[in-house]
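Chemist: To start, I am sharing the structure in question, which I have written as structure tokens.
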Amino acid sequence: MRGEPSLAPSNVVVCIATYRRPTGLKALLESLNTQEFSGPEPDVTLVVVDNDPANPAHATLGDLSALTRWPVIYVAENTRGIVAARNRALEEAPPDTDFFVFVDDDETVVANWLNALITTQLETGATAVQGPMVPRYETTPPTWIERLRIFDIGPFQQGEQLGFAATGNSLVDAHFVKAHGLRFDTRFNTSGGEDEEFFGRVREAGGVIRAAADAIAYDEVPTGRMTCGWVLRRAFRMGNTLGRVALLRRRGRGLRFLKGFGAAGRGLLYLFLLGPFSKAGRIRGLMEIWRGAGMLAAFVNFRFAEYSDTLVAGDRDSVT
Numbered sequence: 002m003r004g005e006p007s008l009a010p011s012n013v014v015v016c017i018a019t020y021r022r023p024t025g026l027k028a029l030l031e032s033l034n035t036q037e038f039s040g041p042e043p044d045v046t047l048v049v050v051d052n053d054p055a056n057p058a059h060a061t062l063g064d065l066s067a068l069t070r071w072p073v074i075y076v077a078e079n080t081r082g083i084v085a086a087r088n089r090a091l092e093e094a095p096p097d098t099d100f101f102v103f104v105d106d107d108e109t110v111v112a113n114w115l116n117a118l119i120t121t122q123l124e125t126g127a128t129a130v131q132g133p134m135v136p137r138y139e140t141t142p143p144t145w146i147e148r149l150r151i152f153d154i155g156p157f158q159q160g161e162q163l164g165f166a167a168t169g170n171s172l173v174d175a176h177f178v179k180a181h182g183l184r185f186d187t188r189f190n191t192s193g194g195e196d197e198e199f200f201g202r203v204r205e206a207g208g209v210i211r212a213a214a215d216a217i218a219y220d221e222v223p224t225g226r227m228t229c230g231w232v233l234r235r236a237f238r239m240g241n242t243l244g245r246v247a248l249l250r251r252r253g254r255g256l257r258f259l260k261g262f263g264a265a266g267r268g269l270l271y272l273f274l275l276g277p278f279s280k281a282g283r284i285r286g287l288m289e290i291w292r293g294a295g296m297l298a299a300f301v302n303f304r305f306a307e308y309s310d311t312l313v314a315g316d317r318d319s320v321t
């Protein structure tokens, strides 16, 4: 941890990994351009890492710096994968960076988003800060999607301590990251879950994660994700990530293995008790079963590649 937080302006790098979402990237940059601050404005730099050099975003959008009031470092990362893009963003950040902030190219943010993340860090001294993520649906979602809050993260109590953070809407102390040599693990390059693993190591190194209740990011949810099949696939991947992280840490492996059976057992219970009365109950049960199956699959070295080219193609902009 750093010492007492300073109220002086900070050097902030907003890290954006993008892949075939020029429309989403443009919307994100426009929302970043509306940012307001309650005190002195920090020095902000945007690092945009394009993970599709063959069809780069600038070919569609032109000079990205024209879309924002802040300096933009735009680079192409030839190695495909979410981890390669996130690590490149860390590497491209200026050496005097105080905070890394993560946001994705399918999100937009409220006007006080960055102010809320930074203020929470300064007030609490947290190593990392997580903001809520609120879904915006492309079309009207099924009732069970909203009832189960499939795509929501939060809401949170301001400043509450959390056991996780996600790279869709978070800040982390750059000095802490550098001091502990932290990078995203390349073994999660195509599977996703790299943020679960990364922020797990932040906590293991003594870091504390706090919530910024007002740092809201809106997550654009395409119609293709609002299906039972997609939701169960995500549940399997999340369970698979938890199992793989437990194996890598060599701590809690037996407990995680048991939790895999426990999740599957809870799922069956939900199916029998709630399934007959509501679709939400049935899907909740199935999600637990698939999450448990993902955990158990990790113990036989199965890795689910959620960010493979085939699976990613379905919810990206058409590119010519």
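First residue of the sequence shown? That's 2 in the working numbering, and the numbers climb one at a time after it.
Think of the CB as a built atom: it goes at the ideal place given N, C-alpha and C, for glycine as much as any other residue.
1. List the endpoints of the continuous beta strand (DSSP E) containing Pro23.
2. Give the DSSP-derived three-state secondary structure of Phe100 in the structure shown.
3. Quick check: what's the CA-CA separation for Leu8 versus Val178?
4. Kindly give me the distance between the Cβ atoms of Leu149 and Arg285, rounded to whole angstroms, as I take these residues to be in contact under 8 Å.
5. Can you look up Ser319 in the DSSP assignment and give me helix, strand or coil?
6. Does the distance from the C-beta atom of Gln131 to that of Leu163 stay below 7 Å?
7. For Ile290, does the three-state DSSP call read helix, strand or coil?
8. Since Ala175 contacts Phe103 with CB under 8 Å, what's their CB separation in whole angstroms?
9. DSSP three-state label for Ile119, please.
10. Going by other Cβ atoms of all chains shown within 10 Å of its Cβ, with 16 needed for buried, is Pro96 buried or exposed?
11. With a threshold of 7 Å between beta-carbons, can Asp196 be considered close to chain B, or not?
12. My output table needs one value for Arg245: the three-state DSSP class, helix, strand or coil.
13. For Ser39, count neighbouring C-beta atoms within 10 Å of its own C-beta (all shown protein chains included) and say buried if the count is 16 or more, exposed if not.
14. Distance, Cα to Cα, Arg204 vs Ile210?
15. Look up Arg234 in the DSSP assignment and say whether it is helix, strand or coil.
16. For Asp64 and His181, I'd like the C-alpha separation in whole angstroms.
17. What residue does the beta strand (DSSP E) around Ile151 start on, and which one ends it?
18. I need the straight-line Cα distance from Glu93 to Val50, nearest angstrom please.
19. Got a sec? Which residues, its chain only, sit under 6 Å from Val320 by beta carbon, not counting five neighbours each side?
20. By a C-beta neighbour count over all protein chains shown, 10 Å radius and 16 as the cutoff for buried, is Asn52 buried or exposed?
21. Run through DSSP, which three-state label would Ala18 get?
22. Got a sec: does the ligand MG put a non-hydrogen atom nearer than 6 Å to the Cβ of Pro23?
23. Count the other CB atoms within 10 Å of the CB of Ala86; is the residue buried (16 or more) or exposed (fewer)?
24. Give the list of continuous alpha helix (DSSP H) stretches no shorter than 4 residues that lie fully inside the region 38 to 72.
25. Quick check on Val301: buried or exposed, where buried means 16 or more other Cβ atoms within 10 Å of its Cβ?
26. At what residues does the alpha helix (DSSP H) containing Asn170 begin and finish?
27. I'd like to confirm the pairing. Which residues does DSSP put opposite Arg211 in its beta bridges?
28. Taking 7 Å as the threshold (C-beta atoms), are Leu30 and Leu91 in contact?
29. Could you tell me which residues DSSP puts in a beta bridge with Val203?
30. How would you write the range of the alpha helix (DSSP H) that Glu93 sits in, first residue to last?
31. Note down the Cα distance separating Gly155 from Asp107, rounded to an integer number of angstroms.
32. Quick one, are the C-beta atoms of Ala281 and Trp145 less than 7 Å apart?
33. Thinking C-alpha only, which one of Phe237, Val84, Pro54, Thr191 is nearest Val76?
34. Considering Asp220, what are the terminal residues of the beta strand (DSSP E) in which it resides?
35. Using alpha carbons as the reference points, say which of Ser192, Val73, Asp44 lies closest to Asn116.
Modeler: Answer, in terms of the structure:
1. First-last for Pro23: 23 to 33, but that is the alpha helix (DSSP H), not the beta strand (DSSP E).
2. strand
3. Bear in mind that the predicted position of Leu8 carries a pLDDT of just 47, short of 50, making it too unreliable to give a figure here.
4. A Cβ-Cβ distance of about 6 Å is found for the pair Leu149 and Arg285, placing them in contact under the 8 Å criterion.
5. With a pLDDT of only 44 at Ser319, under the threshold of 50, the placement of this residue in the model should not be trusted; the figure read from the coordinates follows. Annotated three-state conformation of Ser319 is coil, per DSSP.
6. yes
7. helix
8. Actually they are not in contact, since the Cβ atoms of Ala175 and Phe103 sit about 12 Å apart, beyond 8 Å.
9. Helix.
10. exposed
11. Protein chains in the displayed structure number just one, and chain B is not present.
12. Helix at Arg245.
13. exposed
14. 8 Å
15. helix
16. Taking C-alpha positions only, Asp64 is separated from His181 by approximately 35 Å.
17. Run containing Ile151: none; DSSP gives neither H nor E here.
18. 9 Å
19. With a pLDDT of 39 at Val320, under the threshold of 50, the predicted position of this residue should be treated as unreliable, though the coordinate-derived value follows. Arg21, Asn56.
20. Burial of Asn52 is indicated by the presence of at least 16 other C-beta atoms within 10 angstroms of its C-beta.
21. strand
22. You won't find the ligand MG in this model; it holds no ligand whatsoever.
23. Flag for Ala86 reads buried.
24. 58 to 62
25. exposed
26. Premise fails: Asn170 lies in the beta strand (DSSP E), 170 to 174, not in any alpha helix (DSSP H).
27. Val130, Gln162
28. no
29. Its beta-bridge partners do not exist; DSSP assigns none.
30. 83 to 93
31. 18 Å
32. yes
33. Pro54
34. 218 to 222
35. Asp44
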